[in-house]
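Take a look at the structure below.
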Amino acid sequence: MTASTSKPKRRRLGYGAAPRLTPYLFLLPVFVLFIAFKIYPYLYAFWLSLTKVQRGQTFFVGGGNYLRLAQDPIFYKALGNTALILVIQVPLMLTLAVLLAVAFHSGLLKWRAIWRTAYFIPIVMGLVAYGILFSTLLNNQYGLINFALQSIGLPRVPWLGDPFWAKISIIIALTWHYTGNSAVIYLAQLQSISGDLYEAAEIDGATAIQRFWHVTLPGLRPAITLTLVLSTIGTLQLFDEPYVLTNGGPNNATLTVGMYLYQNGFKYFDFGYASAIGYVLTGIIGILALIQFRLLREKAA
Amino acid sequence: MRTAKTPQARTMSLVVTLVIAAGAFLMLVPFYWLIVASTHLSRDIFSNPPNLAVGDQLFTNLGHLFGDTGFGNALKNSFLIAILYALIGGSVCTAAGYAFAKFSFPGQGVLFGAVLITLALPSQVTLVPLFQIMVQLNWLNTYQALILPNLALPFGIFLMRQTMQSVPDELIQAARVDGAGEFRIFLQVVLPTMRPALAALGIFMFLGQWNDFVYPLIILRTADAYTIPVALASLQGVSDTDYGQLLAGTAVSVLPVLILFLFLQRHFVAGILAGAVKQ
Chain E
19 MTASTSKPKR RRLGYGAAPR LTPYLFLLPV FVLFIAFKIY PYLYAFWLSL
69 TKVQRGQTFF VGGGNYLRLA QDPIFYKALG NTALILVIQV PLMLTLAVLL
119 AVAFHSGLLK WRAIWRTAYF IPIVMGLVAY GILFSTLLNN QYGLINFALQ
169 SIGLPRVPWL GDPFWAKISI IIALTWHYTG NSAVIYLAQL QSISGDLYEA
219 AEIDGATAIQ RFWHVTLPGL RPAITLTLVL STIGTLQLFD EPYVLTNGGP
269 NNATLTVGMY LYQNGFKYFD FGYASAIGYV LTGIIGILAL IQFRLLREKA
319 A
Chain X
731 MRTAKTPQAR TMSLVVTLVI AAGAFLMLVP FYWLIVASTH LSRDIFSNPP
781 NLAVGDQLFT NLGHLFGDTG FGNALKNSFL IAILYALIGG SVCTAAGYAF
831 AKFSFPGQGV LFGAVLITLA LPSQVTLVPL FQIMVQLNWL NTYQALILPN
881 LALPFGIFLM RQTMQSVPDE LIQAARVDGA GEFRIFLQVV LPTMRPALAA
931 LGIFMFLGQW NDFVYPLIIL RTADAYTIPV ALASLQGVSD TDYGQLLAGT
981 AVSVLPVLIL FLFLQRHFVA GILAGAVKQ
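First to last, the protein sequences are chains E and X. Going by our numbering, the first sequence opens with residue 19, and the numbers climb by one from there. Going by our numbering, the second sequence opens with residue 731, and the numbers climb by one from there.
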């Protein structure tokens, strides 16, 4: 909590003070909506995860769904795919975003406004729209990308039809879409690093690369922590890109945890199992977010 | 930091600009391809070598799109839902942000903590329960089913709280001393100072709803209720997909947000930053 929320009761002026109920009234709509559409569904999902529906009747099965999940090879495959995309795509994207932000900040770059628009514009495109677009660009026989590869003498790549390349395709699409977003955040953080630090480093004879490691990166740490946690949470929930680009295929090579949840819930209508997947996902996200915060905070200290 | 323009610095500058420009080119290729593909007939899109020039079949494609598939309906649904969502959601989040930023009251810390925690909870967990709730309420295929569940957007509340903290307490106190009611103070004293943040939040929410896919996909079961992303996905799902029509539809879906973006780029950036950098 920030300082302002934990401060002891502010001024008790009879005159010019708000009636006690006022803040609660301002909060009322949000909390009614929260309880109805967030808290209640979350609790309800937990109950569902302990049940099984058979012939229209609901049975309590305790941890049955979770036990089944623990032995489900497809779930492990989905988890592995999601983890693989996570550990390659997120560091790749964040590294590119740091380099972009540094280039934009350096004063070496000409016509900055034009380039900034170009890098930032993919953000506005909806997931379905860019999924469709990339599926035509990556088309094996007629896609623009394979045409470009062939015309410089490289072989065609089976982008969407091969288990390995299908994952690469999703990583490319995600990176195209989200890199600008992180770069904007880094750029703002860079502007808050004091110029004195750079000057002092320069006087001490630090090279440009040393300045990057010892001034720029530490200065960016809060923004990196934040984008790392947000990208991790986002990637663990990955759904739209594989749904539109590869539909989880080929041979479940791009099946993600989010897609598996959706399939169980809305293709097989196994609501209990889908809810159990959701709760395991919540647990994984919670643990990873905690670890990341801890690690980056320790390093900062 | 600015060094004098030595020849070395000039070379560096050229190299950096070229690298960034090459990257920008790659970022823009998909947009150019979208224009190309939506102006060709399906059979001409996939040819070897590919068509790289803009074609003249845009109106044929749009004709198919709006004539055969009810895409006009999807466009109307998407506009109405996204606008209503941004307006109502922006209002409730702003009111909550105001309460958190400018009052101190019992339970404040716990309530704000609850908002922050839901930021990290995966929304997919609520897909099944929300579907069942909407079935019971008989709300499948309705606007309210899409609008209500995400109105209380944790990010929006967080963003407005951050921005509201910069409103001076004295301003609010003075209005109270003058005898203004609490709601009037909010509307006439606080909100007018919040215009950039309100614009950022409104755009953010409009965009989120405009592009939302999974949840509408499960709630909208009939074609006349589809929003644009669901309609596009349904066009892609068929075995003999008409790609000219599909990509023209994709272009139509991107155009409004692209225009919004180009005119209001500053507010877009402000929205991302306000939520991210201040902690």
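Quick reminder that beta carbons are idealized off the backbone N, C-alpha and C, glycines included. Keep in mind it's a predicted model, so treat the numbers as computed, not measured.
Residue from the options with nearest C-alpha to residue i
i	options	result
residue 871(X)	955(X), 944(X), 737(X) and 760(X)	955(X)
residue 154(E)	972(X), 989(X), 824(X) and 823(X)	972(X)
residue 115(E)	75(E), 58(E), 96(E) and 193(E)	193(E)
residue 778(X)	174(E), 188(E) and 196(E)	174(E)
residue 275(E)	306(E), 220(E), 184(E) and 299(E)	299(E)
residue 763(X)	147(E), 252(E), 183(E) and 127(E)	147(E)
residue 278(E)	223(E), 90(E) and 66(E)	90(E)
residue 753(X)	144(E), 108(E), 308(E) and 121(E)	121(E)
residue 143(E)	198(E), 179(E), 166(E) and 158(E)	198(E)
residue 842(X)	890(X), 814(X), 970(X) and 999(X)	890(X)
residue 138(E)	738(X), 741(X) and 755(X)	755(X)
residue 940(X)	926(X), 957(X) and 873(X)	957(X)
residue 287(E)	38(E), 74(E) and 36(E)	74(E)
residue 888(X)	742(X), 826(X) and 923(X)	826(X)
residue 301(E)	39(E), 97(E) and 118(E)	97(E)
residue 38(E)	945(X), 912(X) and 736(X)	912(X)
residue 832(X)	965(X), 844(X), 901(X) and 801(X)	901(X)
residue 757(X)	190(E), 95(E) and 104(E)	190(E)
residue 95(E)	267(E), 284(E), 294(E) and 304(E)	267(E)
residue 897(X)	883(X), 882(X) and 923(X)	923(X)
residue 84(E)	294(E), 312(E), 219(E) and 304(E)	294(E)
residue 776(X)	112(E), 163(E) and 145(E)	163(E)
residue 58(E)	903(X), 862(X), 838(X) and 789(X)	862(X)
residue 877(X)	808(X), 983(X) and 982(X)	808(X)
residue 740(X)	169(E), 292(E), 113(E) and 124(E)	124(E)
residue 158(E)	56(E), 241(E), 222(E) and 180(E)	180(E)
residue 152(E)	188(E), 312(E) and 292(E)	188(E)
residue 761(X)	856(X), 982(X), 868(X) and 736(X)	982(X)
Residues that residue i bridges to, as DSSP identifies them
i	result
residue 71(E)	76(E)
Whole-number beta carbon distance between residue j and residue i, since they are thought to touch under 8 Å
i	j	result
residue 270(E)	residue 106(E)	18 Å between Cβ atoms; not a contact.
residue 255(E)	residue 854(X)	6 Å
residue 858(X)	residue 87(E)	Going by Cβ atoms, the distance from residue 858(X) to residue 87(E) rounds to 15 Å, so no, they are not a contact pair.
residue 759(X)	residue 785(X)	With 8 Å as the limit, residue 759(X) and residue 785(X) do not qualify as a contact, their Cβ atoms being about 17 Å apart.
residue 771(X)	residue 974(X)	5 Å
residue 962(X)	residue 980(X)	6 Å
residue 943(X)	residue 959(X)	4 Å
residue 780(X)	residue 297(E)	That pair is no contact at about 46 Å.
residue 879(X)	residue 860(X)	6 Å
Beta-carbon spacing of residue i, residue j below 7 Å
i	j	result
residue 864(X)	residue 949(X)	yes
residue 80(E)	residue 61(E)	no
residue 787(X)	residue 799(X)	no
residue 822(X)	residue 41(E)	no
residue 310(E)	residue 235(E)	no
residue 207(E)	residue 248(E)	no
residue 44(E)	residue 829(X)	yes
residue 322(E)	residue 195(E)	Outside the displayed range of chain E (19 to 319) lies residue 322(E), so it cannot be described from this structure.
residue 70(E)	residue 64(E)	no
residue 263(E)	residue 149(E)	yes
residue 128(E)	residue 952(X)	no
residue 272(E)	residue 184(E)	yes
residue 243(E)	residue 314(E)	yes
residue 156(E)	residue 178(E)	yes
residue 253(E)	residue 104(E)	yes
residue 186(E)	residue 251(E)	no
residue 218(E)	residue 229(E)	no
residue 873(X)	residue 813(X)	no
residue 884(X)	residue 840(X)	no
residue 1029(X)	residue 976(X)	The question about residue 1029(X) has no answer here: the residues shown for chain X are numbered 731 through 1009.
residue 886(X)	residue 928(X)	no
Residue-level contact to chain B via CB, residue i, 7 Å cutoff
i	result
residue 143(E)	Chain labels in this structure do not include chain B; the protein chains are E and X.
*Any contact of the stretch 125-144 of chain E with the stretch 189-203 of chain E, i.e. 3+ C-beta pairs under 8 Å?*
yes
*Would you be able to state if there are at least three C-beta pairs under 8 Å between the stretch 981-991 of chain X and the stretch 910-929 of chain X?*
no
_I want to know whether the stretch 39-55 of chain E touches the stretch 246-261 of chain E - three or more CB-CB distances under 8 Å._
no
*Taking 8 Å as the threshold, find out whether the stretch 835-849 of chain X comes into contact with the stretch 900-909 of chain X through three or more Cβ pairs.*
no
*Three or more beta-carbon pairs under 8 Å between the stretch 804-821 of chain X and the stretch 933-947 of chain X, yes or no?*
yes
*If we count Cβ pairs, one from each stretch, closer than 8 Å, do we get three or more for the stretch 164-184 of chain E versus the stretch 788-795 of chain X?*
no
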